[in-house]
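Engineer: Sequence lines, in order, name chains A and B.
With numbering that gives the first Met the number 0 applied, the first sequence closes on residue 249, and no number is skipped along the way.
With numbering that gives the first Met the number 0 applied, the second sequence closes on residue 303, and no number is skipped along the way.
Glycine included, each C-beta is placed from N, C-alpha and C at the ideal position.
Fair warning: this is a prediction, and the values are worked out from it, not measured in the lab.
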Amino acid sequence: MTQALILEFKKARGRKIWMIVAAMTLVEIIWTLWGTSRMDEHDLAQGWESVLLQYPVINSIIMPVMAAVVASRVCDVEHKGQTLKLLETLMPAGRIFDAKFLFSNLYMITAVMIQIISMVVVGCLKGFAGNPPMDKLACYLLFTGTVNMTLLLLQQILSLQFANQMVSLSVGLLGGLMSIFLFYLPKVFSNFFLWGYYAVLTFVEMDWNPATRIVNYYYISENWSSFILLLGAFTMLYLIGRRLFIRKEI
Amino acid sequence: MENIIKTNGLNKRYGNSRIINDLNLAVLQNSVYGFLGPNGAGKTTTMKMVVGLVRPSDGMISVFGKELNPKNRLEILKGIGSLIESPSYYGHLTGEENLQIITTLKNIPEKDISRVLSIVRLEKQKDKQVNNYSLGMKQRLGLAGALLGNPRLLILDEPTNGLDPAGIQEMRDLICSFPKQYGMTVMVSSHLLSEIDQIATDVGIINHGRLIFQGSISSLREKSTQQIAIRTLDNGSAANVLKTQGFPCEKQDSFLIISKHSDEEIAHVVKELVDHNIPLVRIEERNNNLEDIFLKLTGKASEL
């Protein structure tokens with residue numbers, strides 16, 4: 000597997016995948032900075048809760064697109080150069096699938112890590128009340144990382160199955176739109192769509208009083224049952240997608 | 000001599016259509032095996048089955064004396080270099096970087112790269128992005144990749160496709176040199192008989208998924224025959240004269256065709272025709288060449 004991963008690094012040379020990920024992550028950070036730019040005492044008191052809700056909302060639109068672009072960039076090289084027929088004579092197809100998935104995940108995980116670092120830096124600089132909530136940040140990493148990973152898997156399956164990358168990119172874009180839409184619907188709907196899990200697994204809620212125009216953020220308990228459901232969907236998708244790739248004749 | 004590739008009752012079906020039909024190939028060690036057939040005859044599918052990219056519906060494939068199965072496939076393929084359909088490459092990388100990827104995959108030292116680059120004469124272009132290569136250069140890079148690790152068997156699917164005449168000649172010379180210089184066995188497919196005729200020592204002809212001939216190129220040549228074509232201004236009477244003189248003939252366009260005979264016998268035929276006052280206007284020797292044999296075997300002129 001190490002050899003297969005090294006190959007993915009070699010193949011990615013000059014593909015500028017990290018630039019796309021960096022640009023999208025930067026958009027998210029700027030968005031958050033803008034959201035925290037005019038905070039009063041009341042806002043600073045619930046600063047951590049505020050950013051822990053803000054990021055999932057932005058993620059719901061940006062991350063499906065990022066997953067689609069990363070998977071497409073990583074898989075498209077094989078279609079363009081018709082290299083699968085070379086690779087599959089020298090390496091098991093399943094290992095190619097696994098290596099691509101692991102490699103693409105590095106970008107997605109890095110993006111989430113940068114988000115968390117940016118949250119902590121912004122929180123400390125702005126003077127959010129209390130210390131960074133490490134348990135909540137760990138939950139954020141776990142939940143966001145898992146939703147990203149599942150969406151990335153779906154995108155990789157599509158990018159490998161269809162040489163025309165418009166198919167997978169369109170799914171990613173539509174997924175992003177659906178995801179933000181699901182955020183504003185009751186969570187029960189979101190459980191049925193992979194893109195809805197950014198909303199399902201959010202553990203901060205917002206209460207807006209129209210009369211006073213005051214927003215209150217508060218933690219709710221983590222939705223572990225939905226997280227397990229998502230893990231189940233991921234496992235099923237992985238087994239199906241991997242098998243489809245292995246069975247595909249070139 | 001040992002068979003490097005052997006297939007037994009190989010079949011491939013897609014739904015109801017049978018692409019490969021009971022194929023029994025036998026590729027001898029150190030030979031250049033020309034796999035010949037019209038477009039769509041099943042050459043590429045067969046080669047893909049040999050390297051395990053396509054699963055056979057039935058039948059057995061044995062390579063290097065071992066039966067190919069999903070478990071030992073990659074172990075066996077370590078001894079095979081292949082170039083199927085078109086060269087595989089990463090266009091955004093240089094030629095050398097592409098070969099480095101293959102050395103990593105084959106687990107062989109990178110120093111082998113310069114050896115194969117010099118064989119295919121790409122040393123000067125190794126630092127160029129492959130996207131900027133011509134088709135011929137890409138084809139040569141594909142061949143270099145197949146040669147990495149000095150495999151015992153090379154499988155080349157239409158390697159001269161898209162090459163200019165000089166490139167075609169260069170590729171043919173390379174292929175011919177592999178068995179002698181590197182002790183390799185080469186299986187090369189083509190839809191051009193003239194090409195196979197120039198490079199192969201053995202030939203297999205496939206049509207509609209069936210192997211219709213297999214043997215040495217000399218045994219194929221033995222099938223070629225010579226004929227005498229005679230044209231007169233009264234072919235009907237001429238045919239009667241030839242028949243009575245013991246020279247059965249068949250009509251072909253405006254000619255009467257008889258089999259090859261000695262000069263004395265032909266002189267006798269001419270004399271008889273003249274004695275019967277039949278105006279003789281043409282007499283020519285015709286060779287039934289390999290191309291004619293191929294057409295006769297495959298019944299396909301349009302593909303050539």
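Would you say A:G13 faces chain B, with C-beta separation under 8 Å as the test?
Structural biologist: yes
Engineer: Anything in chain B within Cβ reach of A:Q81, meaning under 7 Å, just list it in chain order.
Structural biologist: S85 and S87
Engineer: Below 8 Å between beta carbons is the criterion; list the residues of the region 87-106 of chain A that meet it against any residue of chain B, in chain order.
Structural biologist: E87, T88, L89, M90 and P91
Engineer: Indicate whether the contact test is met: 3 or more Cβ pairs, each with one atom in the region 224-239 of chain A and one in the region 209-216 of chain A, closer than 8 Å.
Structural biologist: With a cut-off of 8 Å, the region 209-216 of chain A and the region 224-239 of chain A do not count as touching, because too few Cβ pairs lie within range.
Engineer: Would you check if the distance between the CB atom of B:G36 and the CB atom of B:T297 is smaller than 8 Å?
Structural biologist: yes
Engineer: Determine the closest residue to B:I107 out of B:E96, B:L147, B:E84 and B:P86, with distance taken between C-alpha atoms.
Structural biologist: B:L147
Engineer: With a Cβ-Cβ cutoff of 8 Å, do B:I19 and B:G33 count as a contact?
Structural biologist: no
Engineer: So which of B:F254, B:V240, B:S176 and B:P247 has the shortest CA-CA distance to B:T231?
Structural biologist: B:F254
Engineer: Enumerated in chain order, which unbroken segments of the beta strand (DSSP E) with a length of 3 residues or greater are wholly contained in the region 91-130 of chain A?
Structural biologist: none
Engineer: Would you check if the distance between the CB atom of B:S81 and the CB atom of B:A145 is smaller than 8 Å?
Structural biologist: yes
Engineer: Name, please, each residue of chain A whose Cβ falls closer than 7 Å to the Cβ of B:V53.
Structural biologist: E248
Engineer: Quick check on the DSSP output: the alpha helix (DSSP H) that includes A:L236 runs from which residue to which?
Structural biologist: W223 to R246
Engineer: How do the region 61-79 of chain B and the region 226-243 of chain B stand: do at least 3 beta-carbon pairs fall below 8 Å, yes or no?
Structural biologist: Taking 8 Å as the limit for Cβ pairs, the verdict is that the region 226-243 of chain B does not touch the region 61-79 of chain B.
Engineer: Indicate whether A:Y237 and A:N58 have their beta-carbon atoms separated by less than 8 Å.
Structural biologist: no
Engineer: In chain order, which continuous runs of the alpha helix (DSSP H) of length 4 or greater are located wholly inside the region 39-107 of chain B?
Structural biologist: 42-49, 72-76 and 94-105
Engineer: I want to verify the contact list: residues of chain B whose CB lies under 9 Å from the CB of A:I16, in sequence order.
Structural biologist: Per Cβ cutoff of 9 Å: no residues; A:I16 is ~12 Å from chain B at best.
Engineer: Which same chain residues end up closer than 8 Å to B:D291 when comparing Cβ atoms and leaving out the 5 residues on each side of it in sequence?
Structural biologist: S223
Engineer: Might you give, ordered along the chain, the residues of its own chain that have their beta carbon closer than 7 Å to the beta carbon of B:S301, omitting 5 neighbours on each side?
Structural biologist: Unreliable positioning characterises B:S301 in this predicted model, as indicated by a pLDDT of 38, which lies under 50. The coordinate reading is nonetheless provided below. Excluding sequence neighbours, B:S301 sits near nothing in its chain.
Engineer: Chain B beta carbons: is any one of them nearer than 8 Å to that of A:G231?
Structural biologist: no
Engineer: By a C-beta neighbour count over all protein chains shown, 10 Å radius and 16 as the cutoff for buried, is A:P185 buried or exposed?
Structural biologist: exposed
Engineer: Distance check for B:H267 and B:L261, CA to CA, integer angstroms please.
Structural biologist: One detail in the question is off: residue 261 of chain B reads as Ser in this sequence, not Leu. Near 10 Å, if we compare the C-alpha coordinates of B:H267 and B:S261.
Engineer: What residue range does the beta strand (DSSP E) around B:L152 cover?
Structural biologist: L152 to D156
Engineer: Are any of the Cβ atoms in chain B nearer than 8 Å to that of A:Q160?
Structural biologist: no
Engineer: Determine the extent of the alpha helix (DSSP H) in which A:Y54 is found, giving its start and end residues.
Structural biologist: G46 to K79
Engineer: Between the C-alpha atoms of A:E48 and A:Y216, what's the straight-line distance to the nearest angstrom?
Structural biologist: 6 Å
Engineer: Secondary structure at B:G214, three-state DSSP: helix, strand or coil?
Structural biologist: strand
Engineer: With a cut-off of 8 Å, does the C-beta of A:L4 fall near any C-beta of chain B?
Structural biologist: no
Engineer: What in chain B is Cβ-close to A:V278, meaning under 7 Å?
Structural biologist: Absent from the model: residue 278 of chain A. The displayed extent of chain A is 0 to 249, so no value can be given.
Engineer: List, in order along the chain, the chain A residues whose C-beta lies closer than 8 Å to that of B:T103?
Structural biologist: Q2, I5, L6 and K9
Engineer: Can you say whether A:S169 is buried or exposed, counting buried as having 16 or more other CB atoms within 10 angstroms of its CB?
Structural biologist: exposed
Engineer: Using a Cβ cut-off of 7 Å, pull out every chain B residue sitting near A:K84, in sequence order please.
Structural biologist: L52, I83 and S87
Engineer: Please confirm whether B:L76 has its beta-carbon closer than 8 Å to some beta-carbon of chain A.
Structural biologist: yes
Engineer: Whole angstroms is fine: what's the gap from A:T145's alpha carbon to B:I101's?
Structural biologist: Cα atoms of A:T145 and B:I101: separation of roughly 33 Å, rounded to the nearest angstrom.
Engineer: Tell me the DSSP bridge mates of B:L22?
Structural biologist: B:L9
Engineer: Does A:F8 come out as helix, strand or coil in the three-state DSSP assignment?
Structural biologist: DSSP places A:F8 in helix when its eight states are reduced to three.
Engineer: DSSP has B:T184 in a bridge; who is on the other side?
Structural biologist: DSSP lists B:L152 as the bridge partner or partners of B:T184.
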